[in-house]
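**Student:**
In our numbering, the protein residues as written are 2 to 349.
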């Protein structure tokens, strides 16, 4: 009898007989449940693999009424922030016994809505959505479908749905104070676009820190472009505009930059290096996301960020509660932030 045929005939009872564990323990081990020890789980899964066991997900779904499948709808994987979030969400989901399908809406609300329809048609147990400014119709569709969902990293209106966000106001305040404590007295906030929730919160924190430190309105500037580089390669026009803006800031005596996120800060550092009238030490720079904790990048930058693992785990807690029919009012989990100094705050 070939191995392929054998694998179809192996049952949980067969594995229980081979290992000496109960069928319930075997089932929990194969679903990576955390109510058994890691050692026992690994032992059972190894023996099941050697016996050629292949789980029947369809049969399991029919019995339980659930697919143990979640959909995560990201902005776009070319932004490392989403890649890191996808990794941590997958870890949290797997620990809870779920598999993921990863979908990228590229911050396009029409595509986002289509992806939600696809996820619903696959009968996912829940959806994790990174919303955009145009997500109102998507959120309404999710409500109408009855599919449990959680908004991740941002929301459109406070209290509209379960959401997990980091303290963006507090983080922007930390970033701006870091520049001020390093001696900067003329500060600019720079971004390539306006991002729902995040931009408003970060500008609020930037402004509050300036107010608290006596940085007057004429000694601060907010510069927002209309060409987002977050989900695509940086456009030459954006880099040219950024170079012009930085030259103007330098000529006006500005010495500190709070840049919207790490990706944009890396491009700003590149512009400083490659523009004839600018130097890398013209500005102290702090940004947001703290990707450097996970990624290695040749141009290090001081950055504020939340705990990605904590955010993913909190998201799964909210989503699992909804999957198990929690009908309480929507909750927003606000995760704390930290600042990691890497030297870009000092003009060398």
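By construction, the Cβ of each residue, glycine as well, lies at the ideal position given by its N, Cα and C atoms. All figures in this text were calculated on a predicted structure; none of them were measured in a lab.
1. What separation, rounded to the nearest whole angstrom, lies between the Cα atoms of residue 265 and residue 30?
2. Give the secondary structure of residue 11 by DSSP, where H, G and I count as helix, E and B as strand, and everything else as coil.
3. Out of 276, 257 and 274, point me to the one whose CA is closest to residue 288's CA.
4. State the DSSP-derived secondary structure class of residue 339, mapped to helix, strand or coil.
5. Thinking C-beta only, is residue 85 closer than 7 Å to residue 295?
6. Name the DSSP bridge partner or partners of residue 221?
7. Looking at C-beta atoms only, is the number of pairs between the region 112-124 and the region 137-149 that lie closer than 8 Å three or more?
8. Per DSSP, residue 285 is paired with what?
9. Pick out whichever of 239, 139 and 186 has its Cα sitting closest to the Cα of residue 220.
10. Can you have a look at residue 225 and say buried or exposed, based on whether 16 or more other CB atoms are within 10 angstroms of its CB?
11. Return the CA-CA distance between residue 343 and residue 83, expressed in angstroms with no decimal places.
12. Can you say whether residue 25 is buried or exposed, counting buried as having 16 or more other CB atoms within 10 angstroms of its CB?
13. Using beta-carbon positions only, say whether residue 167 and residue 293 come within less than 7 Å of one another.
14. Of all the options 346, 337, 345 and 333, which has the alpha carbon lying nearest to the alpha carbon of residue 157?
**Tutor:** Taking the structure as given:
1. Rounded to whole angstroms, residue 265 and residue 30 show a C-alpha spacing of 44 Å.
2. Coil, per DSSP.
3. Here the closest residue by C-alpha is 257.
4. Assigned with DSSP and collapsed to three states, residue 339 falls in strand.
5. It is a contact, given that the beta carbons lie within the stated cut-off.
6. For residue 221, which the question treats as bridged, DSSP gives the partners 188.
7. By the Cβ rule, the region 112-124 counts as touching the region 137-149, because three or more pairs are nearer than 8 Å.
8. Its beta-bridge partners are 257.
9. Nearest option by C-alpha distance: 186.
10. So residue 225 ends up on the exposed side.
11. Taking the straight line joining both Cα atoms gives about 22 Å.
12. Taking a 10 Å sphere around the C-beta of residue 25, we find fewer than 16 other C-beta atoms and assign the residue as exposed.
13. The beta carbons of residue 167 and residue 293 sit no closer together than 7 Å.
14. In terms of Cα proximity to residue 157, the closest of 346, 337, 345 and 333 is 333.
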